[in-house]
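As given, the protein sequences belong to chains A and B, one line each in that order. This note's numbering numbers the first residue of the first sequence as 1202 and each following residue consecutively. This note's numbering numbers the first residue of the second sequence as 8 and each following residue consecutively. Here's the structure, in structure tokens; my notes come after.
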Amino acid sequence: MEEIKSKDEIPTPGFLDRIRLYVKISEVSEVARRYFVMNAFDGAMTMLGVVIGSFSVGIKDPRLILSVSISASLAMGVSGFVGAFITERAERVKRVKELERAMLTNLNGSIIYKASLFATFLSAVVDGGSPALVSLVSSIPFILAIFGLIDMLSSYIGSIVIVLTILMLLGVYLGKISRENSLKYGVIMLISGIIVSLFSSIIGKI
Amino acid sequence: MFIASYSKKHDVRHNVYIQRMVIDVLKPREVDIIEFSKALGSVDGINEVTTSVTEVDVKTETVKVTVKGSNIDFNIVMKVIEGYGAVIRSIDEVSVSK
């Protein structure tokens, strides 16, 4: 028979299993999905505003638009990360404290505590990452224009097409989540993008 | 002298092994009993785990955990249970054998 084991023999699940467990326990996937769509939408709209505004005032230098969009994506990324981190942390700490009260125990170091930390980080990364990613992707045509691969007009059109496509895809994704008509959601998102485009171009003309 | 030789001969930790325990556990509802039971089942010396829910509350659940094995180390069982944010309320049954 074996001897009494030391405490290092507590079985610990592998990295991926642990992540899966944290996601399940903290129910973060729903929150992260919401953050992702909301902020990707924000990022796309901001980029649409920047691109159409620049087009209507006749900016011809792709570097200018690129630097504006990179700064905007950085700002949205940082604000999203910090904002979501603080908000989510407060909510999660509250939940853990309520549970501690219900169980009359300290949950520090338990899987519940670790899962809530993980959920906080994941939400913050998604919240900051999604707008930054969307605005960086939609500024790819301007990078191509800097290298002289496409002309300025094509880069404007390319960027607008990318943004509108992203909006449409976000709508389709939401439609898939709610198991309703994906196209309907896609079109609603697209229309909101077109409204922003119209307003931006009108403001640019004033 | 007699006591020393007796305790050496009958060293509890080396001769007697826990083979079955019934533990009353309070756990958060977020932790589902499948994960919880699997974690306990993967501890060395445990061959079988049966978990049944006896009481459900808003945030917590009381479960009766029956662990069977050749050599159950209660300290590790306790650490695994605590690791899942659960607490042992009582140990209701223990079977030991040589």
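Glycine included, each C-beta is placed from N, C-alpha and C at the ideal position.
So, using beta-carbon positions, are residue i and residue j closer together than 9 Å?
| i | j | result |
| --- | --- | --- |
| B:T73 | B:K34 | no |
| A:Y1223 | A:V1229 | yes |
| B:D51 | A:P1212 | yes |
| A:A1285 | A:D1328 | yes |
| B:E100 | B:V56 | no |
| A:I1404 | A:L1365 | no |
| A:L1267 | A:S1317 | no |
| B:G76 | B:R27 | yes |
| B:I95 | B:D31 | yes |
| A:A1245 | A:I1367 | yes |
| B:A46 | A:P1332 | no |
| B:S102 | B:I25 | yes |
| A:I1378 | A:R1234 | yes |
| A:I1361 | B:Y91 | no |
| A:L1370 | A:G1349 | no |
| B:I98 | B:V70 | no |
| A:S1311 | B:E89 | yes |
| B:V38 | A:I1344 | no |
| A:N1240 | A:G1281 | yes |
| A:S1324 | A:P1342 | no |
Please report the Cβ distance between residue i and residue j, rounded to the nearest whole angstrom; I am assuming they are in contact, meaning their Cβ atoms lie under 8 Å.
| i | j | result |
| --- | --- | --- |
| B:T58 | B:S49 | Contact flag wrong, Cβ pair sits at about 14 Å. |
| A:G1359 | A:G1278 | Incorrect: roughly 23 Å between the Cβ atoms, too far for contact. |
| A:F1256 | A:Y1357 | 5 Å |
| A:G1372 | A:L1391 | 7 Å |
| A:A1320 | A:E1289 | 7 Å |
| A:R1264 | A:I1347 | 6 Å |
| B:V23 | B:K105 | 6 Å |
Please name the residue or residues paired with residue i in a DSSP beta bridge.
| i | result |
| --- | --- |
| A:Y1223 | In the DSSP output, where bridge partners are listed per residue, A:Y1223 has none listed. |
| B:V94 | B:L33 |
| B:V74 | B:M28 and B:V56 |
| B:S104 | B:Y24 |
| A:V1388 | Note: A:V1388 sits in no beta bridge, so no partner. |
| B:V63 | B:E68 |
Is any heavy atom in the ligand MN found nearer than 8 Å to the beta carbon of residue i?
| i | result |
| --- | --- |
| A:I1253 | With respect to the ligand MN, the structure offers nothing, as it holds no ligand at all. |
Find the residues of chain D that neighbour residue i, judging by a C-beta separation of less than 7 Å, and give them in chain order.
| i | result |
| --- | --- |
| B:V50 | Reference to chain D is not applicable here, since the protein chains of this structure are A and B. |
Mind listing, in chain order, the continuous alpha helix (DSSP H) runs of no fewer than 4 residues lying wholly within the segment 1294 to 1350 of chain A?
-> The qualifying runs are 1312 to 1339 and 1341 to 1347.
Are the segment 1333 to 1345 of chain A and the segment 1287 to 1296 of chain A touching by the rule of at least three beta carbon pairs closer than 8 Å?
-> Between the segment 1333 to 1345 of chain A and the segment 1287 to 1296 of chain A there are fewer than three inter-stretch CB-CB distances shorter than 8 Å, so the stretches are not counted as touching.
At least three beta-carbon pairs within less than 8 Å, the segment 1242 to 1253 of chain A to the segment 1302 to 1316 of chain A | Taking a cut-off of 8 Å for Cβ pairs, the segment 1242 to 1253 of chain A and the segment 1302 to 1316 of chain A do not touch, as fewer than three such pairs fall below it.
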